[in-house]
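See below:
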């Protein structure tokens, strides 16, 4: 299973870097909970809980910080 | 859907960088919970809970750290 | 509403940087929960809960890390 | 017990860096809770709880940030 | 009230940097909950709760990261 | 009480850096809860709770990030 799509942190744009951050966070979850049915069952509860969403957004922010540094902030 | 408005981390001022941090955090939530009605329903509960607000402020702080570095801290 | 007082991360001293970190964290909360009365009502509960205080201190620490880097650590 | 497999942060690819991040996080847990049976018993509960999974993903993101910096982001 | 003792992040040794990290975290709490009696009352509950202690240790780790960078890691 | 064993962040290997990260996190806890009996009593509950273990692993990851930077990632 690929944890990092295309095996690189380099993206053309910040937007693509952000998409990569979300993908990387999701793939970590997939590496821990490998059963897609369980992941699907968890989704409704977590996507309707504000704190769960904030926690997920936090992880994306941390992943994105790494990706942004890797890309020299697309300056 | 745009995850990063204007597709850049570069802003003219710290204030604008801060606004971008808030926007980016919100857009991540929007990417996870795509139904605007659900997001609207979650808002009253979370905006009146001190810990939920602190958690949200934490995410903004992390996003802002990245944006500030991207802008060389607007020195 | 100003999210960053004086629109700069640069301060004369670490102490002032710390005050800015606290102010920035508070202003994020103010941007999410715009009603000052609600914020005031939340305060007693959160200021008498050890974990809530620790969570708030965490956010200040993250904001301060950015401000300290912006100021080259006031070396 | 080895906390860092092969005792290096350097990897050939981002994907391998990501695997190392997951391994390092797991080995920390193993260093704190040294009984493998207890760890095994904890797994079902935590792998079926969305917030627990998000917390775990957060730790992986932090470990990966360090590994990515160590590898100059595999640029 | 001084948020940063001696108004500097520079210390002679890592040990002193660590003490500063703890002091800074505590002073943030003191800035939010200004009543020393309330802080004293909160202490027994929080100092006997493992997760509360871990949360506090997390804040110290974040403060220390900033202090260590400020001191070029005392290399 | 020593918060940082040997008063340095410099280690010979990543593995030793990791051990230092765990030691530093533990010593912070010891600085906050100074009674070793209380710490011992807390251990069973926290070492058999997945989220508590994840929180502890998070702190170790943050400490390690600082130590790794101090050692130029042992490159």
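Residue numbers (my numbering), protein chains in the order written: chain A, -9 to 65; chain B, -9 to 65; chain C, -9 to 65; chain D, -9 to 65; chain E, -9 to 65; chain F, -9 to 65.
Cβ coordinates follow ideal geometry from the N, Cα and C atoms, glycine included.
Could I get the ranges of all uninterrupted alpha helix (DSSP H) runs contained in the segment 30 to 61 of chain B, with 4 residues as the minimum, in chain order?
-> Those alpha helix (DSSP H) runs which fall completely within the segment 30 to 61 of chain B and span 4+ residues are 40 to 60.
Do residue 40 (chain B) and residue -1 (chain C) have their CB atoms nearer than 8 Å?
-> no
Mind checking which residues open and close the alpha helix (DSSP H) that includes residue 4 (chain F)?
-> From DSSP, the alpha helix (DSSP H) with residue 4 (chain F) extends over 4 to 22.
Note down, in chain order, each residue of its chain lying with its Cβ closer than 6 Å to the Cβ of residue 11 (chain E), except the 5 sequence neighbours on either side.
-> 50, 53, 54, 57
With burial defined as no fewer than 16 other Cβ atoms inside 10 Å of the residue's Cβ, what is the status of residue 7 (chain A): buried or exposed?
-> buried
Please go through the same chain and pick out, in chain order, the residues whose beta-carbon is closer than 7 Å to the beta-carbon of residue -6 (chain F), but skip the five residues on each side of it.
-> These residues qualify, in order along the chain: 14.
Using a C-beta to C-beta distance shorter than 7 Å, which residues of chain D count as neighbours of residue 29 (chain F)?
-> Per Cβ cutoff of 7 Å: no residues; residue 29 (chain F) is ~13 Å from chain D at best.
Count the C-beta pairs between the segment 30 to 44 of chain E and the segment 23 to 39 of chain F that are closer than 8 Å, then say yes if the count reaches three, no if not.
-> By the Cβ criterion, the segment 30 to 44 of chain E is in contact with the segment 23 to 39 of chain F, since at least three pairs of Cβ atoms, one from each stretch, lie closer than 8 Å.
Hey, how far is the Cα of residue -4 (chain B) from the Cα of residue 63 (chain D)?
-> 25 Å
Pull up the distance between the alpha-carbon of residue 61 (chain C) and that of residue 5 (chain B), whole angstroms please.
-> C-alpha of residue 61 (chain C) to C-alpha of residue 5 (chain B): approximately 17 Å in a straight line.
Rounded separation between residue 21 (chain F) and residue 46 (chain F) - CA only = When rounded, the distance between both Cα atoms is 16 Å.
Give the interface partners of residue -7 (chain A) over in chain D, defined as CB-CB distance under 7 Å, in chain order.
-> 5, 8, 9
Excluding sequence positions up to five away, which residues of its chain have a Cβ less than 8 Å from the Cβ of residue -8 (chain A)?
-> The answer, listed in chain order, is 17.
Which same chain residues, not among the five before or five after residue 28 (chain F), have their C-beta less than 7 Å away from its C-beta?
-> none
Could you pull out every residue in the same chain whose Cβ sits closer than 6 Å to the Cβ of residue 23 (chain F), ignoring the five residues on either side in sequence?
-> 29
Residues of chain B with a CB under 8 Å from the CB of residue 43 (chain A): which are they?
-> 19, 22, 23, 32
Just how far apart, CA to CA, sit residue 19 (chain D) and residue 2 (chain B)?
-> 44 Å
Measuring only between beta-carbons, confirm whether residue 0 (chain C) sits less than 8 Å from chain E.
-> no
Excluding the 5 residues preceding and the 5 following residue 65 (chain A) in the sequence, name in chain order all residues of the same chain whose CB lies nearer than 6 Å to its CB.
-> If we look at residue 65 (chain A) and ignore the five residues flanking it on each side, it has no Cβ neighbours.
Min CB distance residue 13 (chain B) to chain C below 8 Å = At least 8 Å separates the CB of residue 13 (chain B) from every CB of chain C.
For chain A, find out if any of its Cβ atoms is closer than 8 Å to the Cβ of residue 63 (chain B); answer yes or no.
-> no
Contacts that residue 55 (chain B) makes with chain A (C-beta to C-beta distance below 7 Å) = Close partners of residue 55 (chain B) in chain A (Cβ separation under 7 Å): 55.
From residue 48 (chain F) to residue 48 (chain E), what distance separates their C-alpha atoms?
-> 8 Å
May I have the straight-line CA-CA distance separating residue 149 (chain F) from residue 31 (chain B), to the nearest angstrom?
-> No answer is possible for residue 149 (chain F): the residues shown for chain F start at -9 and end at 65.
If we ignore side chains and look at the alpha-carbon of each, how far apart do residue 9 (chain F) and residue 26 (chain F) end up?
-> 20 Å
Chain F contact residues for residue 59 (chain D), given Cβ-Cβ distances below 9 Å = By Cβ distance, chain F contributes 55, 58, 59, 63.
Does residue 40 (chain D) get closer than 8 Å to chain F when you measure Cβ to Cβ?
-> no
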